[in-house]
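2 protein chains.
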Amino acid sequence: MDYRFSDKLAHLKPSAIREIFKNLTDPTIISFAAGNPAAESFPVSDLARLSADIFETTPITALQYSITEGYPPLRDAVAKRQKEVFGIGRSLADGYGFEDSTLIVSGGQQGIELACKALCNEGDVVLCEDPTFIGSLNSFRSNGAIPIGIPMEEDGISPEALEQAILQHPNAKMLYLIPTFQNPTGITTGVEKRRRIYEIAKKYRLPILEDNPYGELRFAGCEIPTIKSMDTEGLVIYCSSFSKILSAGMRLGFVLAPAAIVSKMAVAKQGEDVHTNIFFQMLCHRFITECDLNAHIEKIRAIYRHKCSLMLSELERHLPPEITFTRPEGGLFLWCTLPDRVDMNAFVQEALARKVAVVPGTAFLCDTEGTSHSFRLNYSTPSDEQIVEGVKRLAEAAKAVL
Amino acid sequence: MDYRFSDKLAHLKPSAIREIFKNLTDPTIISFAAGNPAAESFPVSDLARLSADIFETTPITALQYSITEGYPPLRDAVAKRQKEVFGIGRSLADGYGFEDSTLIVSGGQQGIELACKALCNEGDVVLCEDPTFIGSLNSFRSNGAIPIGIPMEEDGISPEALEQAILQHPNAKMLYLIPTFQNPTGITTGVEKRRRIYEIAKKYRLPILEDNPYGELRFAGCEIPTIKSMDTEGLVIYCSSFSKILSAGMRLGFVLAPAAIVSKMAVAKQGEDVHTNIFFQMLCHRFITECDLNAHIEKIRAIYRHKCSLMLSELERHLPPEITFTRPEGGLFLWCTLPDRVDMNAFVQEALARKVAVVPGTAFLCDTEGTSHSFRLNYSTPSDEQIVEGVKRLAEAAKAVL
Numbered sequence: 018m019d020y021r022f023s024d025k026l027a028h029l030k031p032s033a034i035r036e037i038f039k040n041l042t043d044p045t046i047i048s049f050a051a052g053n054p055a056a057e058s059f060p061v062s063d064l065a066r067l068s069a070d071i072f073e074t075t076p077i078t079a080l081q082y083s084i085t086e087g088y089p090p091l092r093d094a095v096a097k098r099q100k101e102v103f104g105i106g107r108s109l110a111d112g113y114g115f116e117d118s119t120l121i122v123s124g125g126q127q128g129i130e131l132a133c134k135a136l137c138n139e140g141d142v143v144l145c146e147d148p149t150f151i152g153s154l155n156s157f158r159s160n161g162a163i164p165i166g167i168p169m170e171e172d173g174i175s176p177e178a179l180e181q182a183i184l185q186h187p188n189a190k191m192l193y194l195i196p197t198f199q200n201p202t203g204i205t206t207g208v209e210k211r212r213r214i215y216e217i218a219k220k221y222r223l224p225i226l227e228d229n230p231y232g233e234l235r236f237a238g239c240e241i242p243t244i245k246s247m248d249t250e251g252l253v254i255y256c257s258s259f260s261k262i263l264s265a266g267m268r269l270g271f272v273l274a275p276a277a278i279v280s281k282m283a284v285a286k287q288g289e290d291v292h293t294n295i296f297f298q299m300l301c302h303r304f305i306t307e308c309d310l311n312a313h314i315e316k317i318r319a320i321y322r323h324k325c326s327l328m329l330s331e332l333e334r335h336l337p338p339e340i341t342f343t344r345p346e347g348g349l350f351l352w353c354t355l356p357d358r359v360d361m362n363a364f365v366q367e368a369l370a371r372k373v374a375v376v377p378g379t380a381f382l383c384d385t386e387g388t389s390h391s392f393r394l395n396y397s398t399p400s401d402e403q404i405v406e407g408v409k410r411l412a413e414a415a416k417a418v419l
Numbered sequence: 018m019d020y021r022f023s024d025k026l027a028h029l030k031p032s033a034i035r036e037i038f039k040n041l042t043d044p045t046i047i048s049f050a051a052g053n054p055a056a057e058s059f060p061v062s063d064l065a066r067l068s069a070d071i072f073e074t075t076p077i078t079a080l081q082y083s084i085t086e087g088y089p090p091l092r093d094a095v096a097k098r099q100k101e102v103f104g105i106g107r108s109l110a111d112g113y114g115f116e117d118s119t120l121i122v123s124g125g126q127q128g129i130e131l132a133c134k135a136l137c138n139e140g141d142v143v144l145c146e147d148p149t150f151i152g153s154l155n156s157f158r159s160n161g162a163i164p165i166g167i168p169m170e171e172d173g174i175s176p177e178a179l180e181q182a183i184l185q186h187p188n189a190k191m192l193y194l195i196p197t198f199q200n201p202t203g204i205t206t207g208v209e210k211r212r213r214i215y216e217i218a219k220k221y222r223l224p225i226l227e228d229n230p231y232g233e234l235r236f237a238g239c240e241i242p243t244i245k246s247m248d249t250e251g252l253v254i255y256c257s258s259f260s261k262i263l264s265a266g267m268r269l270g271f272v273l274a275p276a277a278i279v280s281k282m283a284v285a286k287q288g289e290d291v292h293t294n295i296f297f298q299m300l301c302h303r304f305i306t307e308c309d310l311n312a313h314i315e316k317i318r319a320i321y322r323h324k325c326s327l328m329l330s331e332l333e334r335h336l337p338p339e340i341t342f343t344r345p346e347g348g349l350f351l352w353c354t355l356p357d358r359v360d361m362n363a364f365v366q367e368a369l370a371r372k373v374a375v376v377p378g379t380a381f382l383c384d385t386e387g388t389s390h391s392f393r394l395n396y397s398t399p400s401d402e403q404i405v406e407g408v409k410r411l412a413e414a415a416k417a418v419l
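First to last, the sequence lines map onto chains A and B.
Residue numbering for the first sequence follows our numbering, beginning at 18 and increasing consecutively.
Residue numbering for the second sequence follows our numbering, beginning at 18 and increasing consecutively.
Written as structure tokens, this is what we have:
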């Protein structure tokens with residue numbers, strides 16, 4: 018029979034990346050298309066030991082229904098760490114007239130989706146960096162919200178362009194940003210721009226969704242304050258995840274936002290999954306309070322510092338100079354741009370013909386009909402050998418289309 | 018600052034039950050308000066052993082990103098079991114012109130929410146049994162859909178009333194039913210009614226969401242065919258869960274529905290949580306394929322048979338005959354009704370004053386302004402001693418208001 022789907026889902030396609038991921042069954046293909054953390058980044062033996070202990074000491078709590086907001090000791094530990102590492106989280110005593118609260122979510126993705134559900138009606142606009150994370154675009158679209166892009170510059174979006182976009186879209190309900198090691202570009206928004214973006218959002222009372230899944234993964238350069246740390250009005254919903262530092266498959270993230278917003282997001286979360294897997298909430302809590310999380314993160318940074326620098330030096334060595342690329346100071350991705358005269362899709366096909374997979378830039382655009390001369394490369398998943406061999410093949414593909 | 022929330026969430030309250038649950042910190046209160054499976058129903062030692070083995074043999078797969086539709090061996094095992102136990106799941110070879118597919122979700126709740134997201138625009142109607150499961154009501158409302166109730170009778174909703182409701186609500190996009198051991202009433206819809214309900218849905222091309230979380234928990238009476246097993250048109254989305262037979266806290270459920278619908282629900286799921294905790298998907302797969310699931314379920318049935326029968330006999334012994342109650346053949350709940358002249362909220366307060374918690378019937382109504390003379394009792398969570406003592410206190414509360 019012919020099904021009548023909701024308007025928001027009738028024409029929505031699955032994420033191009035997750036489809037690529039699903040079809041990458043040919044083991045001879047080198048994939049720079051994924052966004053997976055390196056397998057070496059999972060602290061397997063600690064997790065195994067703590068899991069066994071949870072089954073031994075608190076099995077019923079770990080298997081029974083729990084509360085929507087999250088396992089209280091984990092919420093506390095998260096709030097404490099975010100305060101220490103990023104200086105974020107207000108209490109009423111800070112005198113800003115609002116307080117932040119923590120919500121445990123089923124991966125950072127759920128935090129993004131719940132923020133949209135709480136703030137946007139169908140047909141409302143979410144302003145985004147363009148290009149931006151495809152998963153977030155799909156979250157917004159699957160709630161009937163319309164992503165509108167503000168072009169990404171070398172150091173983040175232009176505050177002037179943001180103000181223009183706000184004036185053009187009076188039904189914009191949220192500004193979505195990944196200011197640090199952005200996906201897909203690897204770009205970090207500078208501190209001055211962050212301040213000016215916050216001031217504009219404040220002027221127009223526009224909530225900011227600050228997505229920071231890679232914030233702990235800086236391997237070069239200096240720390241830059243989060244936008245949330247500048248929040249004096251209760252405007253910023255801060256969203257992050259344990260996917261890149263503990264395990265992506267456990268689906269565990271968190272939101273730190275004004276309590277009034279968290280409480281609406283919690284109502285929406287009740288309707289989605291009641292609460293996040295409580296066993297892994299307890300496991301995560303025990304890991305971050307009993308193991309040396311900082312030392313573990315330092316280890317992951319070293320892995321990505323090495324892999325990124327290897328990929329960059331191979332790109333420099335083999336790619337024709339007409340192809341430019343970003344130089345990320347952290348995170349998992351870099352962004353390559355072909356000369357305007359070259360057809361990006363033809364390049365991606367040439368690369369695939371040489372058994373190397375990249376994600377076409379069009380996948381990350383707010384405008385589904387837009388064109389792009391860029392593609393995304395991931396360096397966290399492939400091995401050193403795959404990086405070396407894969408970049409060589411990319412260079413051959415480039416020669417074929419240049 | 019004053020936040021502008023989406024219309025769908027602006028006035029939505031957290032689930033009354035989850036709020037009660039959160040506030041039940043006084044250990045002297047006997048709670049008949051929860052919906053938790055009995056702690057004895059979790060196969061702790063098998064889960065502990067299999068978890069250790071997963072950490073030993075396949076840790077990276079269990080901690081890394083996975084695919085949205087679910088762990089393929091688990092999807093296969095679920096499809097196989099549903100076919101064996103409930104006779105459901107069509108292939109194209111069956112000649113009905115559609116095929117069913119399986120989607121692993123983060124608890125049955127997510128299946129319900131995704132079905133609504135896929136089929137309903139904001140303002141569309143979901144027809145429901147009245148009263149019905151509060152979690153589903155909140156899923157519908159948090160998507161902007163409007164639940165409209167069809168009164169529950171002793172053996173399920175009336176097919177005539179259903180047809181009337183369809184005619185009155187041309188924007189009804191889905192019929193939501195819990196035909197077996199309904200939450201909150203414990204009522205099972207008879208087979209003849211099921212057939213007639215399916216025929217009416219077919220006549221009007223109205224998709225049915227059949228929620229069957231308690232289906233395996235029959236402890237009396239005879240099996241009744243699921244509505245999904247009658248599906249010749251691809252009209253039924255069947256939703257169930259491992260919460261009541263393995264662990265509620267792991268948040269693992271499944272949807273079995275026509276492939277075209279599952280594929281839309283998977284797109285929506287990508288935007289919500291990418292995929293369900295993969296470690297527990299693998300753990301669940303190993304449990305149901307390596308352990309004796311049928312023997313385990315038989316054990317749970319025996320626990321609930323005993324607890325339900327104890328509660329029923331205590332209710333008979335102590336409650337004044339003016340208070341009636343249902344006699345479930347499975348599941349976790351029974352439904353008590355006070356005489357019309359008694360104020361239900363006053364009764365609930367009298368019960369709480371005697372330190373016994375029940376859920377007021379109004380919590381389960383489609384009409385948030387509706388009145389009820391009923392309340393829900395849960396027998397799966399309390400101990401035998403608590404059941405005996407709690408019913409005594411309920412009888413005292415009844416005397417105070419009758």
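Don't be surprised by glycine CBs; every beta carbon is placed ideally from N, CA and C.
Going by DSSP, Glu170 of chain B is part of the beta strand (DSSP E) stretching over 163-170. DSSP, reduced to helix, strand and coil, places Ala417 of chain B within a helical segment of the structure shown. Nearest in C-alpha terms to Asp111 of chain A, of all of A:Glu250, A:Asn362, A:Ser326, A:Val272, is A:Glu250. Residue contact check for Asn53 of chain B against chain A: a CB pair falls below 7 Å.
Glu250, Gly251, Leu252: these are the residues of the region 242-258 of chain B whose beta carbon lies less than 8 Å from some beta carbon of chain A, given in chain order. Chain A has no Cβ within less than 7 Å of the Cβ of Arg303 of chain B. By the criterion of at least three beta-carbon pairs nearer than 8 Å, the region 81-91 of chain A is not in contact with the region 21-29 of chain B.
Listed in chain order, the beta strand (DSSP E) runs fully inside the region 179-227 of chain A are 189-194, counting runs of at least 3 residues.
Here the region 369-388 of chain B lies against the region 404-415 of chain B, with 3 or more beta-carbon pairs under 8 Å apart. The three-state reading of DSSP puts Arg235 of chain A in strand, counting E and B together. Close to chain B, meaning a Cβ-Cβ distance shorter than 8 Å, are the following residues of the region 284-315 of chain A: Val284, Ala285, Gln287, Gly288, Glu289, Asp290, Val291, His292, Thr293, Asn294, Ile295, Phe296, Phe297. Within the region 250-327 of chain A, the complete beta strand (DSSP E) segments at least 3 residues long are 253-258, 270-275, listed from N- to C-terminus. Distance between Thr75 of chain A and Asp360 of chain A, taken at the CA atoms: about 58 Å. Residues of the region 212-223 of chain B that bring their beta carbon within less than 8 Å of a beta carbon in chain A comprise Arg222, in sequence order. Nearest to Glu289 of chain B by C-alpha distance, out of B:Ala56, B:Glu130, B:Lys210, is B:Glu130. For Cys133 of chain A, the secondary structure class from DSSP, reduced to helix, strand or coil, is helix. In summary, Ile77 of chain B is exposed, with fewer than 16 beta-carbon neighbours lying within 10 Å of its beta-carbon over all protein chains present. By the C-beta density criterion, Leu26 of chain B is buried, having at least 16 other C-beta atoms within 10 angstroms. Under the Cβ criterion of 7 Å, Asn362 of chain A is not counted among the residues facing chain B.
Look at Gly166 of chain B: its C-beta is not under 7 Å from any C-beta on chain A. Under the DSSP assignment, Val95 of chain A falls in the alpha helix (DSSP H) whose first and last residues are 89-103.
For Asp117 of chain B, the uninterrupted beta strand (DSSP E) segment begins and ends at 117-122. Residues of the region 130-142 of chain B with a C-beta less than 7 Å from any C-beta of chain A: Glu130, Lys134, Ala135, Leu136, Cys137, Asn138, Glu139, listed in chain order.
Taking a 10 Å sphere around the C-beta of Cys137 of chain A, we find 16 or more other C-beta atoms and assign the residue as buried. Thr354 of chain B: member of the beta strand (DSSP E) spanning 350-354, first to last residue. Separation of the CB atoms of Phe49 of chain A and Asn395 of chain A is rounded to 5 Å, and the pair is thereby assigned contact status at 8 Å. Taken through DSSP and simplified to helix, strand or coil, Phe150 of chain A comes out as coil. Its chain contains Lys372, Ala374 as the residues whose beta carbon lies nearer than 6 Å to that of Ile46 of chain A, once the 5 sequence neighbours on both sides are disregarded; these appear in chain order. Cβ proximity to chain A below 7 Å picks out nothing from the region 168-187 of chain B.
A check of alpha carbon separations from Pro90 of chain B across B:Ser257, B:Glu73, B:Val408, B:Leu300 identifies B:Leu300 as the nearest. Judged by DSSP in its simplified three-state form, Leu336 of chain B adopts coil rather than helix or strand. Within the region 105-125 of chain A, those residues whose Cβ lies closer than 7 Å to any Cβ of chain B are, in chain order, Ser123, Gly124. Note that the C-beta distance between Thr306 of chain A and Ala65 of chain A is not below 7 Å. Within the same chain, Cβ atoms closer than 6 Å to the Cβ of Tyr113 of chain B are found at Arg107, Thr249, the five residues on either side in sequence being excluded. Counted as a single uninterrupted DSSP element, the alpha helix (DSSP H) harbouring Leu26 of chain A occupies residues 24-27. Identification of chain A residues near Gly207 of chain B by a Cβ-Cβ cut-off of 8 Å yields none; the smallest Cβ-Cβ distance measures about 26 Å.
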